[in-house]
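Engineer: At position 66 of the sequence shown (counting the first as 1) the number is 66 in full-length UniProt numbering, and the numbers step up by one without a gap.
Supplied in structure tokens, the structure appears directly below.
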Amino acid sequence: MAISSTLFGIQGDALVLRNQRMAMLASNIANAATPNYKARDIDFNKALGEATSGNETEEAVNDAMGYRVPIDKSIDGNTVELPTEQAQFAENGLKYRSTLTFIQDRMSDVMSSLKGE
1 MAISSTLFGI QGDALVLRNQ RMAMLASNIA NAATPNYKAR DIDFNKALGE ATSGNETEEA
61 VNDAMGYRVP IDKSIDGNTV ELPTEQAQFA ENGLKYRSTL TFIQDRMSDV MSSLKGE
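Set out below in structure tokens:
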């Protein structure tokens, strides 16, 4: 079992998955003008469920990854809808920061315990 799972519980896995989702969403945004690029995303709840049930996070991400279905089809075959990607990126960023704050607080508690405070 990884130290993130034993020390931080579900939050350690969530931070890793949020980081990987952030990279995927950034890739979608970067490829908004690439012909035939297919926007991908992670079903976060599915990935987290798999990660907490013992699967490695990479395996959980691969199992929970899918392609985004666009509302409006593009002529060049690109499925990136920039407003959707930007909104998803912002939301994931807020959740990433919340998870990181929880982990920082947990680390502060552990450090206080080790110091005997």
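Quick reminder that beta carbons are idealized off the backbone N, C-alpha and C, glycines included.
Just so you know, these numbers come straight off a predicted model, no measurement behind them.
Run through DSSP, which three-state label would tyrosine 67 get?
Structural biologist: Taking the first residue of the sequence shown as position 1, residue 67 is located at position 67. It is a strand residue.
Engineer: Would you say aspartate 41 and arginine 68 are within 9 Å of each other, going by their C-beta atoms?
Structural biologist: As a first step, residue 41 is located in the sequence shown; it is residue number 41 there, counting from the start. As a first step, residue 68 is located in the sequence shown; it is residue number 68 there, counting from the start. Contact flag set, yes.
Engineer: Of the residues Asp105, Lys38, Lys115, which one's Cα is nearest the Cα of phenylalanine 8?
Structural biologist: To locate residue 8, count along the sequence shown from 1; it is residue 8. Looking at the Cα atoms, Asp105 is the closest of the given residues.
Engineer: Should arginine 21 go down as buried or exposed, given a rule of 16 or more other Cβ atoms within 10 Å for buried?
Structural biologist: Along the sequence shown, read from residue 1 onward, the residue named residue 21 stands at position 21. Flag for arginine 21 reads buried.
Engineer: Per DSSP, what kind of secondary structure is isoleucine 29 in: helix, strand or coil?
Structural biologist: By one-based count along the sequence shown, residue 29 stands at place 29. DSSP places isoleucine 29 in helix when its eight states are reduced to three.
Engineer: Could you check which residue in Asn28, Gln88, Pro35 has the C-alpha nearest to that of isoleucine 75?
Structural biologist: On the sequence shown, residue 75 is found 75 positions in, with the first residue counted as 1. Ranking the options by Cα distance to isoleucine 75, first place goes to Pro35.
Engineer: Measure the C-alpha to C-alpha separation of glycine 93 and methionine 111 and round it to an integer number of angstroms.
Structural biologist: Within the sequence shown, residue 93 is the residue found at index 93, counting from 1. Within the sequence shown, residue 111 is the residue found at index 111, counting from 1. So the alpha carbons of these two residues sit roughly 27 Å apart.
Engineer: Taking the straight line between their C-alpha atoms, what separation do you get for glycine 12 and threonine 52?
Structural biologist: For this step, residue 12 is matched to residue 12 along the sequence shown. For this step, residue 52 is matched to residue 52 along the sequence shown. About 10 Å.
Engineer: Please confirm whether isoleucine 10 and glutamate 85 have their CB atoms less than 9 Å apart.
Structural biologist: Counting from one through the sequence shown, the residue named residue 10 turns up at place 10. Counting from one through the sequence shown, the residue named residue 85 turns up at place 85. Cβ distance not < 9 Å, so isoleucine 10 and glutamate 85 don't count as in contact.
Engineer: Helix, strand or coil: which one does DSSP assign to isoleucine 75?
Structural biologist: Reading the sequence shown from its first residue, position 75 is the one you call residue 75. Isoleucine 75 falls in the coil class under three-state DSSP.
Engineer: Run through DSSP, which three-state label would aspartate 105 get?
Structural biologist: As a position in the sequence shown, residue 105 is number 105, starting the count at 1. Of the three classes helix, strand and coil, the one that applies to aspartate 105 here is helix, per DSSP.
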